[in-house]
Structure formats: structure tokens, C-alpha cells
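All residue numbers for the sequence shown refer to the numbering used here, where the first residue is 565 and numbers rise by one.
Glycine included, each C-beta is placed from N, C-alpha and C at the ideal position.
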Amino acid sequence: MQEFNTALLGKWCSRLLVDRGGLWYRVLVTRYGEKAGRLPVGGRSGSLWWREVAKIRDGIVVDGGGWFEESIERRVGNGVDTIFWTDSWLGGVPL
Numbered sequence: 565m566q567e568f569n570t571a572l573l574g575k576w577c578s579r580l581l582v583d584r585g586g587l588w589y590r591v592l593v594t595r596y597g598e599k600a601g602r603l604p605v606g607g608r609s610g611s612l613w614w615r616e617v618a619k620i621r622d623g624i625v626v627d628g629g630g631w632f633e634e635s636i637e638r639r640v641g642n643g644v645d646t647i648f649w650t651d652s653w654l655g656g657v658p659l
């Protein structure tokens with residue numbers, strides 16, 4: 565059951581990463597704001613669902629953390645969605 569829940573949270577991560585104009589992304593931006601192109605976790609005021617999604621996104625999961633970041637491919641494109649100095653690049657670490 566835990567693996568299933570983790571997979572669903574990973575699907576939300578993917579959806580939020582790809583669909584920046586979508587309803588749920590806009591709801592989260594309205595609720596938590598955007599800092600350096602990222603949605604902040606929101607601390608204790610963040611919903612449990614959003615904090616769990618953010619844990620998957622940030623690789624802070626007890627069992628097998630970091631799998632989401634390792635499973636996606638980053639395309640720089642126009643640079644709007646890439647924070648060059650803080651995003652993970654080679655070996656999963658920032659430059």
C-alpha cells in the first residue's frame with residue numbers, strides 16, 4: 565500500500581512539473597507562492613498532501629528517497645523552469 569501511495573504522489577510531482585499552467589499548479593501557487601521558480605513546502609501551514617508531494621519532489625522519503633529526481637530528464641530549453649546554480653546536474657548535486 566505504501567508503494568502505491570508513493571507512486572501516486574510521484575504522479576502528482578510529474579504532473580506539477582510538466583503542467584505549469586494547470587489548475588492544481590495555479591492553486592498551489594496561490595496558496596504557497598513561488599520562490600525562485602519553485603513551489604515552497606509551506607511548513608506546518610502546508611497541507612499534509614502537499615508536504616508529502618514535496619517530499620517526493622525533493623527526495624526526502626525514508627524508503628528510496630531521490631527516485632523521482634533520478635527518474636526525470638531535465639531539458640533546459642529557454643531556461644524558465646531551470647534554476648541553473650541550484651538544480652541537480654551531474655551526480656545529483658548542484659554546480
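Excluding sequence positions up to five before and after S609, its CB lies less than 7 Å from no other CB in the same chain.
R590 sits exposed, since fewer than 16 C-beta atoms from the chains shown fall within 10 Å of its C-beta. For A571, the enclosing alpha helix (DSSP H) starts and ends at Q566 to V582. Scanning its chain for C-beta atoms nearer than 8 Å, with the 5 sequence neighbours on each side dropped, one finds around C577 the residues V617, I620, R621 and F632, in chain order. Cα atoms of L603 and N569: separation of roughly 21 Å, rounded to the nearest angstrom. According to the DSSP assignment, L587 belongs to the alpha helix (DSSP H) that extends over L587 to Y596. Remark: C-beta atoms of W588 and L581 do not approach each other more closely than 8 Å.
For I620, the enclosing alpha helix (DSSP H) stretches over residues L612 to D622. Between W614 and G606, the C-beta spacing is below 8 Å.
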